[in-house]
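**Student:**
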Ligand SMILES: NC(=O)c1ccc[n+]([C@@H]2O[C@H](COP(=O)([O-])OP(=O)(O)OC[C@H]3O[C@@H](n4cnc5c(N)ncnc54)[C@H](O)[C@@H]3O)[C@@H](O)[C@H]2O)c1
Ligand SMILES: [Zn+2]
Ligand SMILES: [Zn+2]
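Residue numbers (full-length UniProt numbering): 1 to 388.
What follows is the structure, encoded as structure tokens:
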């Protein structure tokens, strides 16, 4: 089968690899119909993780079931399914508590928890930027879709990661109706956090970034855009909240946060939020941070440390939640919002491409080139259908 393979920092190629296949009775085999490129892929693409050369990318996957193992009870051949990026068992100590983001069964390294398709440090699983995908514990992991699966494919594929992840950021931050919310990052995840805050009835949603095209998408759903290349984002949030600060904050950037000129500062977004969120407010951090970052510029960051304003955070009595999102906790509910026409997460899609166009798409998405907000790979497509 064809797949998008990591060849080293800033190098990917589309090439033939062995077909994904059923390996265990509980597996399901999916013909991938849509698979997205994510900001998480970029950390790996840039060589800023331990992702191994030769592995296949792709953790935001959707497709049609073409084969089921002998132990599969529910999922059937022909079902249209979307797969949470987390691969989980459903029966371990963490899964039983709904923490499928920290499954103990599917992560082979005993001192780690959590697994994902095509992801550094998250098990050996093949990615879905390919024609076929093996889904372990298929009954547990596959979310089945209704008759509108193909018609709303670009909405439903967002259930694999970024829509539930954005929602999780608002959950950890504690967003309730009437809240004011500040979001760091207008990438796909930040935009989904903004959409989620709107769905939850936030009174005011503010999104901080410096890319006008991304900020414009935030404005399209009624958020206030704050361009931090033009204004001090903390002051802008204080001005919008009578000097009190926002009720809630969402971190949707991660450890490669940088200033508008490109200088990296791991603590930049955390400190912006600590200072822009009010006393007793909550912060949900879904942007990825790592225990070690040998590629970082400064010594602190190399050791996975961030110089955060902990004194201010403590003084203000704020809370902060962190970590990978437990996609299964939300994907069914969010699917039903999409089905009912009450959420349209595909509004951020900028490009639909074939597998062969992946190298060029990675380059542009990594450069945050103008207009490249969210790339959907359609393995069944041979020529470009849409693009800027
Ligand atoms: N926790 C999870 O389960 C989970 C799931 C998916 C993605 N993620 C992570 O979420 C993060 C965002 O993903 P994405 O796909 O939106 O990525 P992205 O890289 O496309 O978007 C990040 C955005 O942040 C902006 N930014 C950078 N520094 C900033 C700063 N100091 N202030 C404000 N904005 C700043 C960039 O301009 C960019 O638009 C990544 O770290 C990704 O790995 C986490
Ligand atoms: Zn992702
Ligand atoms: Zn488990």
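Don't be surprised by glycine CBs; every beta carbon is placed ideally from N, CA and C.
1. Can you give the Cα-Cα distance for residue 177 and residue 200, rounded to whole angstroms?
2. Kindly give me the distance between the Cβ atoms of residue 285 and residue 321, rounded to whole angstroms, as I take these residues to be in contact under 8 Å.
3. Could you give the distance in angstroms between the alpha-carbon of residue 175 and the alpha-carbon of residue 197?
4. Three or more beta-carbon pairs under 8 Å between the region 202-209 and the region 177-187, yes or no?
5. Under three-state DSSP, which class holds residue 104?
6. List in chain order: all unbroken alpha helix (DSSP H) runs of 4+ residues lying wholly within the region 9-83.
7. If residue 293 sits next to residue 301, beta carbons under 8 Å apart, how far is it from one beta carbon to the other, in whole angstroms?
8. Per DSSP, residue 247 is paired with what?
9. Roughly how many whole angstroms lie between the Cα atoms of residue 298 and residue 114?
10. Straight-line CA distance for residue 364 to residue 372?
11. Measure the Cβ-Cβ separation of residue 266 and residue 253 and say whether it is below 7 Å.
12. Taking Cβ positions, are residue 237 and residue 276 nearer each other than 7 Å?
13. So the alpha helix (DSSP H) residue 365 belongs to, where does it begin and stop?
14. Whose C-alpha, out of 366, 194, 256 and 251, is nearest the C-alpha of residue 274?
15. The alpha helix (DSSP H) spanning residue 145 covers which residue range?
16. Counting only runs of 3+ residues fully inside the region 161-204, write out the beta strand (DSSP E) ranges in chain order.
17. State the Cα-Cα distance for the pair residue 324 and residue 289, rounded to the nearest angstrom.
18. Which residue comes first and which comes last in the alpha helix (DSSP H) that contains residue 234?
19. Could you round the C-beta distance between residue 188 and residue 39 to whole angstroms and report it? I think they count as a contact, below 8 Å.
20. Quick one: residues with CB closer than 7 Å to any heavy atom of ligand 3, in chain order, please.
21. I need the boundaries of the beta strand (DSSP E) containing residue 377, first residue and last residue.
22. How many Å lie between residue 210 and residue 191 at the Cα?
23. Any contact of the region 118-133 with the region 10-30, i.e. 3+ C-beta pairs under 8 Å?
24. Along the alpha helix (DSSP H) that carries residue 153, what are the first and last residues, could you check?
25. Under the criterion of a Cβ to heavy atom distance below 6 Å, does residue 351 qualify as lining ligand 1?
**Tutor:** Reading it off the structure:
1. As a first step, residue 177 is located in the chain shown; it is residue number 177 there, counting from the start. As a first step, residue 200 is located in the chain shown; it is residue number 200 there, counting from the start. The straight-line gap from Cα to Cα measures roughly 6 Å.
2. Here the question's residue 285 lines up with position 285 in the chain shown. Here the question's residue 321 lines up with position 321 in the chain shown. About 7 Å separates the two Cβ atoms, so the contact holds.
3. Sequence index remark: in the chain shown, residue 175 carries index 175 (1-based). Sequence index remark: in the chain shown, residue 197 carries index 197 (1-based). In a straight line, the C-alpha of residue 175 is about 7 Å away from that of residue 197.
4. yes
5. In the chain shown, the residue the question calls residue 104 occupies position 104. Coil, per DSSP.
6. Restricted to the region 9-83, the alpha helix (DSSP H) segments that are unbroken, complete and at least 4 residues in length are 39-45, listed in chain order.
7. What you label residue 293 is simply residue 293 of the chain shown in a count that begins at 1. What you label residue 301 is simply residue 301 of the chain shown in a count that begins at 1. About 6 Å separates the CB atoms of residue 293 and residue 301; that is less than 8 Å, so the two are in contact.
8. In the chain shown, counting from the first residue as 1, residue 247 sits at position 247. The partner list for residue 247 (beta bridge, DSSP) is empty, contrary to what the question assumes.
9. For the purposes of this step, residue 298 is identified with residue 298 of the chain shown, where counting begins at 1. For the purposes of this step, residue 114 is identified with residue 114 of the chain shown, where counting begins at 1. The alpha-carbon atoms of residue 298 and residue 114 are separated by roughly 29 Å.
10. Position 364 of the chain shown holds residue 364. Position 372 of the chain shown holds residue 372. Approximately 7 Å, taken between the alpha carbons.
11. Position 266 of the chain shown, counted from the start, is the residue given in the question as residue 266. Position 253 of the chain shown, counted from the start, is the residue given in the question as residue 253. No.
12. Mapped onto the chain shown, residue 237 falls at position 237. Mapped onto the chain shown, residue 276 falls at position 276. In contact: residue 237 and residue 276 (Cβ atoms closer than 7 Å).
13. By one-based count along the chain shown, residue 365 stands at place 365. Per DSSP, residue 365 belongs to the alpha helix (DSSP H) from 358-366.
14. Taking the chain shown and counting its residues from 1, one reaches residue 274 at position 274. If we check each option's Cα against that of residue 274, 251 comes out closest.
15. Taking the first residue of the chain shown as position 1, residue 145 is located at position 145. Run containing residue 145: none; DSSP gives neither H nor E here.
16. 180-184
17. Translated into the one-based positions of the chain shown, residue 324 becomes position 324. Translated into the one-based positions of the chain shown, residue 289 becomes position 289. So the alpha carbons of these two residues sit roughly 10 Å apart.
18. In the chain shown, counting from the first residue as 1, residue 234 sits at position 234. Looking at the DSSP string, the run of the alpha helix (DSSP H) that includes residue 234 is 233-240.
19. Taking the chain shown and counting its residues from 1, one reaches residue 188 at position 188. Taking the chain shown and counting its residues from 1, one reaches residue 39 at position 39. Contact flag correct, Cβ pair sits at about 7 Å.
20. Result: 88, 89, 90, 91, 92, 94, 95, 100, 103, 104, 105 and 106.
21. The residue given as residue 377 occupies position 377 in the chain shown. Start and end: 375-377.
22. Walking along the chain shown from the start, residue 210 turns up at place 210. Walking along the chain shown from the start, residue 191 turns up at place 191. For residue 210 and residue 191, the distance between alpha carbons rounds to 14 Å.
23. yes
24. The residue you call residue 153 lines up with position 153 of the chain shown. That run of the alpha helix (DSSP H) goes 153-156.
25. As a first step, residue 351 must be located in the chain shown, where it is residue number 351. Checking the Cβ of residue 351 against ligand 1 gives no.
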